[in-house]
Amino acid sequence: MDTNTQRLLHTFSALADLGQEISDTNDFEEMLRNSFHLLLGSLAIRRGAVTEYDREAGTLRLIASRGFGESTNDALELPADHARELASFGSTMTLDGATRRAQRFLEDHKALASIEIDLLLPLVVRERLIGIVLLGEKASAEKYTDEDLEVLSALARHIGVGIHSHRLLEEVEHKAIENQRLYDGLRKIYKETVQAFAAAIDIKDRYTQGHSVRVGKYSEIIAREMGWSDEEVEGITIAGYLHDIGKLIVDLSVINSPERFSAKDSKEMSRHPSAGYEILARINHPYAEIPLMARYHHERIDGNGYPDGLKGDQIPPGAKIVTLADSFDAMTTDRPYRKKLPLEDVLEDFRANTGTQFDPAVVCAFCRAFLNEIEGRKEKRLLNLLKKNYDEVESVTPLLNQLISDFDGASLTATAH
Amino acid sequence: MAEPSREIAVQARSVGNVAIIYASDYLNKLSGERIERECRRQLESGCRTLIINFRDTELVNSIGVSILVGVIDAAEQSTARLIFSDVNNHTANLFEMLGLTRHVSLAADEAEALSLVSEA
Numbered sequence: 046m047d048t049n050t051q052r053l054l055h056t057f058s059a060l061a062d063l064g065q066e067i068s069d070t071n072d073f074e075e076m077l078r079n080s081f082h083l084l085l086g087s088l089a090i091r092r093g094a095v096t097e098y099d100r101e102a103g104t105l106r107l108i109a110s111r112g113f114g115e116s117t118n119d120a121l122e123l124p125a126d127h128a129r130e131l132a133s134f135g136s137t138m139t140l141d142g143a144t145r146r147a148q149r150f151l152e153d154h155k156a157l158a159s160i161e162i163d164l165l166l167p168l169v170v171r172e173r174l175i176g177i178v179l180l181g182e183k184a185s186a187e188k189y190t191d192e193d194l195e196v197l198s199a200l201a202r203h204i205g206v207g208i209h210s211h212r213l214l215e216e217v218e219h220k221a222i223e224n225q226r227l228y229d230g231l232r233k234i235y236k237e238t239v240q241a242f243a244a245a246i247d248i249k250d251r252y253t254q255g256h257s258v259r260v261g262k263y264s265e266i267i268a269r270e271m272g273w274s275d276e277e278v279e280g281i282t283i284a285g286y287l288h289d290i291g292k293l294i295v296d297l298s299v300i301n302s303p304e305r306f307s308a309k310d311s312k313e314m315s316r317h318p319s320a321g322y323e324i325l326a327r328i329n330h331p332y333a334e335i336p337l338m339a340r341y342h343h344e345r346i347d348g349n350g351y352p353d354g355l356k357g358d359q360i361p362p363g364a365k366i367v368t369l370a371d372s373f374d375a376m377t378t379d380r381p382y383r384k385k386l387p388l389e390d391v392l393e394d395f396r397a398n399t400g401t402q403f404d405p406a407v408v409c410a411f412c413r414a415f416l417n418e419i420e421g422r423k424e425k426r427l428l429n430l431l432k433k434n435y436d437e438v439e440s441v442t443p444l445l446n447q448l449i450s451d452f453d454g455a456s457l458t459a460t461a462h
Numbered sequence: 836m837a838e839p840s841r842e843i844a845v846q847a848r849s850v851g852n853v854a855i856i857y858a859s860d861y862l863n864k865l866s867g868e869r870i871e872r873e874c875r876r877q878l879e880s881g882c883r884t885l886i887i888n889f890r891d892t893e894l895v896n897s898i899g900v901s902i903l904v905g906v907i908d909a910a911e912q913s914t915a916r917l918i919f920s921d922v923n924n925h926t927a928n929l930f931e932m933l934g935l936t937r938h939v940s941l942a943a944d945e946a947e948a949l950s951l952v953s954e955a
């Protein structure tokens, strides 16, 4: 094989290897070091450096070097007009042109001049300077030929594109993180606003303070037990917080009546699910089902609920969960017309009304979550909410087991969709 | 696919004050860096004659060349002598074409390399 063919094969192989290196973006620094080695090895160049241009700082930062000692370690200043001039050189140049213009550039940059470079290759992508490759002499001590420059320019173009692509990717990732942060911030504000709303709803009813927030938390616990996704769980928590928002339009004297509702008061109170729906439907929630969960949280499986008398699967799964959470909190807190019920009585109520008022799958999930907390398998969230009103909750363990046994598998109508 | 990071010891032995380092079948980044580390270790421990034996080396890629140029620099800075032995024709032509032979001696085999050392 003649020398020219061998040289061609060697440089072609360097170019092929470089393409592979650049497409592997797992480790950018490693990719750069390898690309730099390939560039030096293609012509056995003894000294060299790759610098990256920081447009904002107006500096060249060394990212790989060999044989230049400490002299290139500091960032080199490169004003924007010089960067533009360098970018205008392009990556393809003749040896004479490159050195002449490079010499002029070096006169302005003594730090670079002191390291005796033979060649300067601007890395340019889309007419913008990405960095500069500085090269010293070849091991052969021969001058760089036009052919050498063609090879080096091709390799440098690849390196420039590699750096540029990596930085673009970083920028996109940075923006994605920033957007996620903004989105998280907005969600936090949304949740805080919703919680403030829940507090406002509960303040109106002096007997049910904290009710909405507790219903939100019970709903969350049940939904999680039923295997709902994080996003769905967040949605139902919000629905729990807002399920009684319709009470804002109910007459205060009715809400705070110390006696059981009269027929007239009941009619007034029964407006609140529809009113809640009307309020919530005007808001573009991140979770579309929230208005429906508020509207249907007084529906019953047997169709005897209100406002629409929906039956079984006609009731959205989330509404069935909020229904149980709402009833549980109502029975475990003092009301103006009665004291809180013993937990055994609450669970007996569940047993009596499962399949008519409550969905069996929801009751089972609630009992499983309760049991898991009593037996230490889950964090005590439900128990912490209850402990203010109940000293001893462990005694209901047999009842919980019985309910699970009675209703497990009876219906799956409230599974997440 | 990424090469495994498992470090494989480079083969080396000493003959008097001479360190003989054996290159692997394909001198690329991974094997090249191992050789470079071993050469630098020998130089730092005071060795002033290095022989790199290429008997198993079929191919040297551009990264391999770059690493060898780095070894040449390190040897020159330590005023050490560097000899390449058992280099196949293809690789010898490559070294010649790229000018590496201006800085290292080529020997047909280890015996010749050692005799070059004793002549000096």
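Protein sequence lines correspond, in order, to chains B and V.
Residue numbering for the first sequence follows this note's numbering, beginning at 46 and increasing consecutively.
Residue numbering for the second sequence follows this note's numbering, beginning at 836 and increasing consecutively.
Where a beta carbon is used, it is the ideal one built from N, C-alpha and C, also for glycine.
Please read these numbers as outputs of a predicted model, since none were measured by experiment.
- The DSSP-derived three-state label of Asn888 (chain V) is strand.
- In terms of CA proximity to Arg890 (chain V), V:Leu941 leads the group V:Ser953, V:Leu941, V:Val952.
- Rounded to whole angstroms, the gap between the alpha carbons of Leu431 (chain B) and Arg212 (chain B) is 53 Å.
- Under the 10 Å beta carbon count, Asn888 (chain V) is surrounded by 16 or more other beta carbons and is classified as buried.
- The Cβ atoms of Tyr322 (chain B) and Ala339 (chain B) lie closer than 8 Å to each other.
- Linking Glu216 (chain B) to Gly899 (chain V) through their CA atoms gives a straight-line distance of about 34 Å.
- Look at the segment 838-926 of chain V and you find these whole runs of alpha helix (DSSP H), each 4 residues long or longer: 864-879, 897-912.
- Distance from the CA of Ala120 (chain B) to the CA of Ala184 (chain B), rounded to the nearest whole angstrom, comes to 27 Å.
- In terms of beta-carbon proximity, Val904 (chain V) lines the interface with chain B, with at least one pair separated by less than 8 Å.
- Scanning the segment 288-350 of chain B from its first residue to its last, no whole beta strand (DSSP E) run of 3-plus residues comes out.
- Beta-carbon to beta-carbon, Arg111 (chain B) and Gly93 (chain B) are separated by about 6 Å, close enough to satisfy the 8 Å threshold.
- Shortest Cα-Cα distance from Tyr341 (chain B) to any of B:Leu174, B:Gln359, B:Asn71 involves B:Gln359.
- Taking the Cα positions, Met314 (chain B) is about 51 Å away from His219 (chain B).
- DSSP lists no bridge partner for Val438 (chain B).
- At the C-beta level, Ile162 (chain B) and Leu168 (chain B) stay beyond 8 Å of one another.
- Beta-bridge annotation (DSSP): Ile177 (chain B) is paired with B:Thr96, B:Pro167.
- The Cβ neighbour count for Thr442 (chain B), taken over all protein chains shown within 10 Å, is under 16; the residue is labelled exposed.
- In the three-state reduction of the DSSP assignment, Arg422 (chain B) falls in the coil class.
- Contacts between Asn896 (chain V) and chain B, judged by CB atoms closer than 9 Å, involve His55, Ser58, Ala59, Asp62, Leu83, Gly86 in chain order.
- Using a Cβ-Cβ cut-off of 8 Å, Arg52 (chain B) counts as an interface residue toward chain V, since at least one Cβ of chain V sits closer than that to its own.
- In summary, Asp944 (chain V) is exposed, with fewer than 16 beta-carbon neighbours lying within 10 Å of its beta-carbon over all protein chains present.
- Taking 8 Å as the threshold, the shortest C-beta distance from Arg111 (chain B) to chain V falls below it.
- Following the DSSP letters along the chain, one finds Ser274 (chain B) in no beta strand (DSSP E), marked with neither H nor E.
- Taking C-beta atoms as the reference points, Ala284 (chain B) and Ile234 (chain B) fail to come closer than 8 Å.
- Annotation for Ala942 (chain V): the continuous beta strand (DSSP E) segment containing it runs 940-942.
- In this structure, Ile267 (chain B) lies away from Gly291 (chain B), with their beta-carbon atoms at least 8 Å apart.
- Residue state for Ala406 (chain B) is assigned as helix, using DSSP reduced to three classes.
- For Arg52 (chain B), DSSP assigns no beta-bridge partner whatsoever.
- Only those residues of the segment 926-950 of chain V whose C-beta falls short of 7 Å from the nearest C-beta of chain B are listed: Asn928, Leu929, Met932, Leu933, Gly934, Leu935, Arg937, His938.
- Inter-segment contact for the segment 362-374 of chain B and the segment 263-281 of chain B is present: three or more beta-carbon pairs are separated by less than 8 Å.
- Listed in chain order, the positions of the segment 156-188 of chain B with a beta carbon within less than 8 Å of a beta carbon of chain V are Lys183, Ala184, Ser185, Ala186, Glu187.
- As DSSP reads the structure, Ile162 (chain B) sits in no beta bridge.
- Between the alpha carbons of Phe81 (chain B) and Ser953 (chain V) lies a gap of roughly 37 Å.
- A residue is called buried when at least 16 other Cβ atoms come within 10 angstroms of its Cβ; Gly881 (chain V) does not meet this threshold and is exposed.
- Residue burial is scored here from C-beta neighbours: Ser950 (chain V) has fewer than 16 other C-beta atoms within 10 angstroms and is therefore classed as exposed.
- Counting only the Cα atoms, Glu893 (chain V) lies some 21 Å from Arg848 (chain V).
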